[in-house]
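Participant:
Numbering (the working numbering), first residue to last: 45 to 664.
Next comes the structure, spelled out in structure tokens:
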């Protein structure tokens, strides 16, 4: 076989296909970019493709589309469940499942006619606002969009005091607005809003309390819903959840919604569907959870009267949120699943078949999902994999395990084999906050990555590629990542780094704008090879000198540059040098000494001034 050369450039990234939009997962890479990489590095069909960090399943799914066999591995129960269900979408029997959903909707409509019914109309959402005491007069102040000053400050309507609220207890909420649809709109998913009413809170609250009382009478109340404690962890500390009175994951879902979710889940579990069909329906139910949580808000400039579902990758609870009718969200997710399944069916002559790792290796099945750490994959023989393509955790950027618990705490009620709270001991994510049980630093992050990449090296064929997408703004994350790869034995061939831009439509998302993150990814084409010359050009200076040279070049070419573009250019120049510098910890200390994000910014400020996401060249 002729040796494949590293890919030369990226392509225009496009938005996710319907298969990737049914259920939320974090930081999915653009599917067409992954398809492009697989096509280049695995031209022979069928090849065996392995993803040691399965995540949202993009690598596995696109490998199957390309005509390959694929194995994905992930420690997260949620990730494994999502990957499995995405891959099985083409084979879903939509006729049977549609009949079941019709029966479920009729049951909800006929038996529980009082559900989400107000003034003879269908309730779409209820808006809740937090309240706190005015520091001046002591009266309650509603922290709603109607009295905000737009800067995190609010006005007391009694005394006129303008103040910034301190921490507000989660139970200090009251309804402020309700949105109504015409009767029967539930079956239409997200129908057009007929009426939006701002009523006295006591009127809406009386309706809501009556709804909860009726649900209790039917055995669907709080008493039947077990509570899963939120452990002391990074996201708990960042959002001060315990101090706000949010002690259980179930509290992220409003009371009435919890009852309906439980009813739907039990209805699925107790049905005559096959186990595979039940898992499919629970996948749809799980997908609906993000739309009816306390993280949902309204943004009139973006979606008008339609709620903006949970968009941030954290547990931030806004002062104002909307409780969305869970029956509507479930039906809307089902309609989304239908579209995704039909789209998936068009891509295959023969639908993917799930089996064990060994069955995929011998060719009797097309894919396997391993719900375990990829630091040891004994069922994968030495030198059996044609291509490794993966997207590991980007340092401390996303706390996948903690976020996953939002879904798994509910899935566990209906699928006991899914852990309620994920085991994060082998998760390759260093903490932003420290001091809680099980937190990791970048050294531990490096060690976990090193074990995974060492196992990856073992199973990969000689002269074949391990393609990794990676991105971070912090030098510490890059050092840990590159050390781990180099310790495993991989080589970075000439031209083995390209920068791949992200999807243009996603550049304004909340997560993409956060912290000036680099939008897009560096794509590394590491190779397992003894034929490449491993001798490296000696380094003539420390990282600081190389950084200065890069900044000087950027300043000569740009009077102004965005935060994203600046860091992209810096790392594109610096990363090959950094990889050369890294050997083992004892030998690379001199080069990377004091290499930190703080020192990066201090050096950048010698060349540029910063304001509102833009760096401007200093005048000489």
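Where a beta carbon is used, it is the ideal one built from N, C-alpha and C, also for glycine.
1. For a quick check, are the C-beta atoms of residue 569 and residue 501 less than 8 Å apart?
2. At the level of alpha carbons, what is the spacing between residue 432 and residue 146?
3. Among the residues of its own chain, which have a CB less than 6 Å from the CB of residue 377, if the five just before and after it don't count?
4. If you pair each beta-carbon of the stretch 442 to 451 with each one of the stretch 463 to 481, do three or more pairs fall below 8 Å?
5. Any idea what DSSP makes of residue 554, helix, strand or coil?
6. Does the stretch 276 to 292 come into contact with the stretch 204 to 216, if we say contact requires no fewer than three beta-carbon pairs (one atom in each stretch) closer than 8 Å?
7. Less than 7 Å between C-beta atoms, sequence neighbours within five positions excluded: which residues of the same chain meet that for residue 198?
8. Does the Cβ-Cβ distance between residue 60 and residue 75 come in under 8 Å?
9. Could you pull the start and end residues of the beta strand (DSSP E) that residue 544 belongs to?
10. Using DSSP's beta-bridge definition, name the partner residues of residue 94.
11. Shortest alpha-carbon distance to residue 82 belongs to which of 410, 111, 516, 129?
12. Check residue 504 in the structure and name its three-state DSSP category.
13. Taking the alpha carbon of residue 616 as the reference point, which residue from 109, 514, 284, 574 has its own alpha carbon closest?
14. Helix, strand or coil for residue 109? Go by DSSP, reduced to three states.
15. Give me the DSSP bridge partner(s) of residue 219.
16. Contact check, residue 351 vs residue 340 under 8 Å by CB: the rounded distance?
17. Evaluate residue 597 with the Cβ neighbour count: other Cβ atoms within 10 Å of its Cβ, from every protein chain shown; 16 or more gives buried, anything less gives exposed.
18. Indicate the three-state DSSP secondary structure (helix, strand or coil) for residue 164 in the structure shown.
19. Less than 6 Å between C-beta atoms, sequence neighbours within five positions excluded: which residues of the same chain meet that for residue 497?
20. Buried or exposed: residue 738, going by 16 or more other Cβ atoms within 10 Å of its Cβ?
21. Buried or exposed: which applies to residue 665, given that a residue is buried once 16 or more other Cβ atoms fall within 10 Å of its Cβ?
22. Is the closest heavy atom of the ligand ADP to the C-beta of residue 72 under 7 Å?
23. Within 10 angstroms of its Cβ, does residue 271 collect 16 or more other Cβ (buried), or is it exposed?
24. For the beta strand (DSSP E) that residue 659 lies in, which residues bound it at each end?
25. With a threshold of 7 Å on Cβ separation, who are the neighbours of residue 120 within its own chain once the five nearest residues in sequence on each side are excluded?
26. What distance in whole Å lies between the Cβ atoms of residue 108 and residue 410, which are believed to be in contact at a cut-off of 8 Å?
27. What would DSSP say about residue 470, mapped onto helix, strand or coil?
28. Please say whether residue 102 and residue 173 have beta carbons closer to each other than 8 Å?
29. Mind checking which residues open and close the beta strand (DSSP E) that includes residue 566?
30. Are the CB atoms of residue 503 and residue 430 within a distance shorter than 8 Å?
31. Whether or not the stretch 309 to 324 and the stretch 121 to 134 are in contact is what I'm after, with contact meaning three or more pairs of Cβ atoms, one per stretch, closer than 8 Å; do they touch?
32. So, for residue 89: in the same chain, excluding its five sequence neighbours on each side, which residues have a beta-carbon less than 7 Å away from its beta-carbon?
33. In this structure, does DSSP put residue 641 in helix, strand or coil?
Facilitator: Checking against the coordinates, here is how it stands:
1. Looking up residue 569 in the chain shown gives position 525. Looking up residue 501 in the chain shown gives position 457. For residue 569 and residue 501, no; Cβs fall outside 8 Å.
2. Position 388 of the chain shown, counting from 1, holds the residue named residue 432. Position 102 of the chain shown, counting from 1, holds the residue named residue 146. Answer to the nearest angstrom: the Cα atoms are 43 Å apart.
3. Taking the first residue of the chain shown as 1, we reach residue 377 at position 333. Correct list, in chain order: 328, 331, 332.
4. yes
5. To locate residue 554, count along the chain shown from 1; it is residue 510. Residue placement at residue 554 is poorly supported in this model, since its pLDDT is 46, which falls under 50; the coordinates still yield a value, given next. Residue 554 falls in the helix class under three-state DSSP.
6. Taking 8 Å as the limit for Cβ pairs, the verdict is that the stretch 204 to 216 does touch the stretch 276 to 292.
7. In the chain shown, residue 198 corresponds to position 154, counting from 1. Here the set comprises 185, 187, 191, 192, 207, 209.
8. Taking the first residue of the chain shown as position 1, residue 60 is located at position 16. Taking the first residue of the chain shown as position 1, residue 75 is located at position 31. It is a contact, given that the beta carbons lie within the stated cut-off.
9. The residue you call residue 544 lines up with position 500 of the chain shown. Residues 541 to 544.
10. Stepping through the chain shown from its first residue, residue 94 is reached at position 50. 115, 432.
11. Locating residue 82 in the chain shown gives position 38, where the first residue counts as 1. The shortest Cα separation from residue 82 among 410, 111, 516, 129 belongs to 111.
12. The residue you call residue 504 lines up with position 460 of the chain shown. Three-state DSSP puts residue 504 in a strand.
13. Taking the chain shown and counting its residues from 1, the one referred to as residue 616 is at position 572. Of the candidates 109, 514, 284, 574, the one whose C-alpha sits nearest the C-alpha of residue 616 is 514.
14. Residue numbering aside, residue 109 sits at position 65 when the chain shown is read from its first letter. Helix at residue 109.
15. Residue 219 sits at position 175 when you count from the first residue of the chain shown. According to DSSP, residue 219 bridges with 172.
16. Numbered from its first residue, the chain shown carries residue 351 at position 307. Numbered from its first residue, the chain shown carries residue 340 at position 296. In this structure residue 351 is in contact with residue 340, their Cβ atoms being roughly 5 Å apart against a cut-off of 8 Å.
17. Residue 597 sits at position 553 when you count from the first residue of the chain shown. Residue 597 should be labelled exposed.
18. The residue labelled residue 164 in the question sits at position 120 within the chain shown. Residue state, collapsed to three classes: coil.
19. In the chain shown, counting from the first residue as 1, residue 497 sits at position 453. Answer for residue 497: 528, 529, 532, listed in chain order.
20. Outside the displayed range of the chain (45 to 664) lies residue 738, so it cannot be described from this structure.
21. What is shown of the chain runs 45 to 664, which leaves residue 665 out entirely.
22. Among the ligands in the structure shown, none appear at all, so the ligand ADP cannot be discussed.
23. If you number the chain shown from 1, residue 271 lands on position 227. Counting Cβ neighbours within 10 Å, residue 271 comes out exposed, since fewer than 16 surround it.
24. Locating residue 659 in the chain shown gives position 615, counting from the first residue. That run of the beta strand (DSSP E) goes 658 to 661.
25. The residue given as residue 120 occupies position 76 in the chain shown. Closer than 7 Å at the Cβ level, and outside the excluded window around residue 120, lie 444, 445, 448, 466.
26. As a first step, residue 410 must be located in the chain shown, where it is residue number 366. As a first step, residue 108 must be located in the chain shown, where it is residue number 64. Confirmed, Cβ separation roughly 6 Å.
27. Translated into the one-based positions of the chain shown, residue 470 becomes position 426. DSSP places residue 470 in coil when its eight states are reduced to three.
28. Working through the chain shown from its first residue, we reach residue 173 at position 129. Working through the chain shown from its first residue, we reach residue 102 at position 58. Not closer than 8 Å, so no.
29. The residue labelled residue 566 in the question sits at position 522 within the chain shown. Counting along the chain, the beta strand (DSSP E) containing residue 566 begins and ends at 565 to 572.
30. Working through the chain shown from its first residue, we reach residue 430 at position 386. Working through the chain shown from its first residue, we reach residue 503 at position 459. For residue 430 and residue 503, no; Cβs fall outside 8 Å.
31. yes
32. Residue mapping note: residue 89 aligns to position 45 of the chain shown, counting from 1. Same-chain partners within the cutoff: 111, 112.
33. By 1-based counting over the chain shown, the position of residue 641 is 597. Three-state DSSP puts residue 641 in a helix.
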